[in-house]
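Trainee: Pasting in a structure now, in structure tokens, and then I'll have a few things to ask.
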Amino acid sequence: MPFSGQKMRELREEAGVDREQLANEVGSTKQYISHLENGVKKNPAFDLVERLAKALGTECTAFAADGVAEQEEPPTPKKKPRK
Numbered sequence: 093m094p095f096s097g098q099k100m101r102e103l104r105e106e107a108g109v110d111r112e113q114l115a116n117e118v119g120s121t122k123q124y125i126s127h128l129e130n131g132v133k134k135n136p137a138f139d140l141v142e143r144l145a146k147a148l149g150t151e152c153t154a155f156a157a158d159g160v161a162e163q164e165e166p167p168t169p170k171k172k173p174r175k
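All letters in the sequence shown, in the order written, are residues 93 to 175 by the working numbering.
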């Protein structure tokens, strides 16, 4: 599952937590949190993703890129008219 730093930033801001607070909560550094949010680092360890999710009150899938977290029904194919 691709990780989205942008989604992490949105969730952090919605929670009213700054980077330093989040870093302290999950046992990381403010700089590493910043690197994740800005896409400098793209593949955090799964245990860190779990801690981030817990700290922000969400599920790990909330950080998924490209809408992976939001499972939608595939569109129903339209029937083509017969000729």
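Positions of the beta carbon are idealized from the N, C-alpha and C atoms, including for glycine.
If I measure Cβ to Cβ from Lys122 and keep anything under 6 Å in the same chain, skipping five residues before and after, which residues do I get?
Mentor: Numbered from 1 along the sequence shown, position 30 holds the residue referred to as residue 122. Correct list, in chain order: Arg111, Glu112 and Ala115.
Trainee: Distance, Cα to Cα, Glu164 vs Thr153?
Mentor: Counted from its first residue, the sequence shown places residue 164 at position 72. Counted from its first residue, the sequence shown places residue 153 at position 61. Per-residue confidence for Glu164 stands at a pLDDT of 43, beneath the threshold of 50, marking its modelled position as unreliable; no derived number is given.
Trainee: Excluding the five sequence neighbours on either side, which residues of its own chain have a C-beta within less than 7 Å of the C-beta of Pro136, listed in chain order?
Mentor: Counting from 1 along the sequence shown, the entry for residue 136 is found at position 44. Counting only Cβ-Cβ distances below 7 Å, and skipping sequence neighbours, we find Phe95 and Leu128.
Trainee: Can you name the start and end residues of the alpha helix (DSSP H) that Lys122 belongs to?
Mentor: As a working mapping, residue 122 is identified with position 30 in the sequence shown. Counting along the chain, the alpha helix (DSSP H) containing Lys122 begins and ends at Lys122 to Glu129.
Trainee: For Ala115, which of helix, strand or coil comes out of DSSP?
Mentor: Counted from its first residue, the sequence shown places residue 115 at position 23. Ala115 falls in the helix class under three-state DSSP.
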